[in-house]
Each structure stands twice: as C-alpha cells, then as structure tokens.
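These notes concern the structure reproduced below.
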Amino acid sequence: MEAQSLLNNKPERAPLQNDLLLRAARGEDVERPPVWLMRQAGRILPEYRAVRAKMGGFKDLVESPVHASEVTIQPVDILGVDAAIIFSDILVIPEAMGLPYELVEKVGPRFPEVVRTVQDLKRLRTNVDPEVHLSYVLDAIRQTKRDLAGRVPLIGFCGAPWTIFCYMVEGKGSKDWALPRRLLWEQPAFAHSLLDSITEASIAYLQAQVKAGADLVQIFDSWAGVLSDGLYAEFMMPRLQRMCDALSPLVPVTVFAKGGAHLLPQLADLSCHTLGLDWQTDPRKARQLVGEEKTLQGNLDPSILYASPEVIRKKTQEMLSNFGTRRHIANLGHGVYPDVNPEHVKVFVETVQKSA
C-alpha cells in the first residue's frame, strides 16, 4: 500500500494524553526524555506470567489478540512507561511467508524447514497480505488502541530483513551466523532475492500496523553486528532505506541495529527519525557520527538493573547526561533481562521521569 494512500485514509484516533515519545522522535521540544524498555511486556512481570499460564505457549499468547493486548498494556499500568509496544514476535513474518516456526522453552526458535536455495525460495508466499496472514497482530493493535484510550503511544515493530534472513537460513539461533554470511558470498543472487521478499512483506506488515493504530514503528536488526561495513552497505542499507522511505511519511521510524556502532555512519543516512544504540556504544561518539538531525534511543546496560536502586539512579543520571538534553529517548541498550526485579525497572523509569 502506498504511503500517500495510507495518509489519506488514516483513521481518526483519540488524541494522545502523553505524546512525549512522538515529539522526541520528531526532534520537537520535550519537557524530559520519554522512557520505555525493549521487552517491557514479558517475564519480569508476575502479571504477565499469570496471563501466560492460561495459554498453551508463547505463540498462543502472540496469536490471541485479547491476551496480547492485555500484556502490552501491563507495563504502562505497572511500570509507568511513556509508551506501549505491541506484544508479538519478529518471526511472524517468515511464518506469514510460509515458513512456520516453533518456540522451544529455554531453547529458542526452531524452523522445521529452512530456505537455502532458489528452489526453497519458490516455496515461499510472495504476496503476504497482513490482513489475512497476520490478522491476529493487527487485531491486537486495534484492541490495544481502544483500551489505551490515548494514554500513551503504541509502538509497532518488525525484524530487519537481515535478522529475518538469518533465522530463515539457519533455522535456529546461532553465535556467529556463519551460514547466512556464507550464503551472501556463495549465492549473492539468492540472498538478494530472499532479502527483497522479506523487505516487501515487512513494509506491507508495518504499513498495516500503522493503519491499525501504531503511532511509531521500530525495526529490530538484532544481528547487524555480525556484518562488516561492506556487506551491510551492499545487502542491508538499500532494504532499510526502502522500509524507512515507505514508513517515515506516516509515523516516526526507529532503526535499532544491535552491535552496529561501526555502522552508524551508514545508518545516519537513513530516512528514519531515530537510531537505537546498544549499551556498548558511547552516546557522545554516536552523536558526533550521526549529527543533530536524528534522535538517539538508549542505552543503559541492561545488567545495571541488577544493581542497587542507588546505583541504578546514578548510572541512569550518567546516561542522561551523556545523551544531552535534546533528541533522546531513554531506554536500555537491549531488552530487559527476564529475572530483573520489576521494582528496579521502576527506579530506572522514575529517575528518567524526574529528570525534567
């Protein structure tokens, strides 16, 4: 769906009572940085575990709009964050393309079938229709927007093409993703074709999320850090640019490339609004590389939340100082760890909110 058509047909929604996230992403003046956490809806909350216990498994929860909406809103109620992020999974895209996956407890994702050849490509669905193949996510977004009633913005998301490519090729998690990287060299035409298919499905999916109610979208490139500058420039940048060009006229777009500090000079050229930083990236150096035209998001080391409240406050204040007073969205440098004390997360959130 073209961006102009979506702009012309964007449904009216309740005005946001807290629009800090959107203003910060657009570079507008804010009283303080907005704050939210990657993986905020999840295992750190007893309330989440209670909902999960009713379901057959993680995927059952993802595919239940009512329950996915419920756990999406829990961190807003319990932690006081400035945004909700829809409860879903990046691997819904390969499944919509015809490559189902399983989530094995304490092991991770597993794909019974993989895509490694041109013949494998032919088995994939090339015309993903989000309203048909991903309707449960869109229904969860609609339900969440109704239940939030404008309290805070809702973030939609998907995995970046490279990260999805890794899982579709490898079939499971990996330490170095050697096989997907090998295919970039041995079968570049195949790699470009698969990445293009993922990109087009992802654009349609994110546009559908926006139409359903997402106020901002984030593209997660979880495995960006395993690629060199050259490979990223050849295989990923054109696809990320296509995605940003298609979404940025509609809503603010964030790109988070984990392990991608070496890629910041390239990422700075994207037509996104915000770049997420992992905890190993110095915000001051990132600002020098990126310039003043992008908002930066992050990037407290998630392990700091194991520390005492006093240390968490100190380290959060140091992080805020390193980012400066403009164009910053406070977050962790990756997802919150599942065994972190929720009270410690509240200390982080409250420290940011008292920084005005």
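If you read the sequence shown in the working numbering, its first letter stands for residue 8, the second for the next number, and so on. Quick reminder that beta carbons are idealized off the backbone N, C-alpha and C, glycines included. Bear in mind the structure is a predicted one, so any value in this text is a computation, not a measurement.
- Scanning the stretch 154 to 190 from its first residue to its last, the whole beta strand (DSSP E) runs of 3-plus residues come out as 161 to 166.
- Arginine 117 sits in a strand when the DSSP states are folded into three classes.
- The straight-line gap separating the alpha-carbon atoms of alanine 314 and phenylalanine 242 is approximately 40 Å.
- Here leucine 270 has Ala231, Asp236, Tyr239, Ala264 as same chain residues with Cβ atoms under 7 Å from its own Cβ, once five neighbours each way along the sequence are excluded.
- Taking one beta carbon from each stretch, the stretch 179 to 198 and the stretch 137 to 145 have fewer than 3 pairs nearer than 8 Å; the two do not touch.
- When rounded, the separation of the alpha-carbon atoms in proline 245 and alanine 57 is 43 Å.
- Pairing glycine 178 with arginine 117 gives a Cβ-Cβ distance under 8 Å.
- For the pair glutamine 273 and tryptophan 169, the Cα-to-Cα distance works out to about 15 Å.
- If you look at alanine 103, you'll find it in the alpha helix (DSSP H) that goes 99 to 103.
- Between proline 309 and leucine 86 the beta-carbon gap is near 15 Å, outside 8 Å, which marks them as no contact.
- The three-state secondary structure of phenylalanine 94, taken from DSSP, is coil.
- Annotated three-state conformation of leucine 86 is coil, per DSSP.
- In this structure, the CA atom of alanine 91 is about 10 Å from the CA atom of aspartate 222.
- Bounds of the beta strand (DSSP E) holding aspartate 228 are 223 to 228.
- The beta carbon of threonine 323 lies closer than 7 Å to those of Leu307, Phe355, Thr358, Val359 in the same chain, with the five residues before and after it left out.
- Within the DSSP bridge table, the entry for glutamine 248 names no partner.
- Secondary structure note for histidine 335: its beta strand (DSSP E) is the uninterrupted segment 335 to 339.
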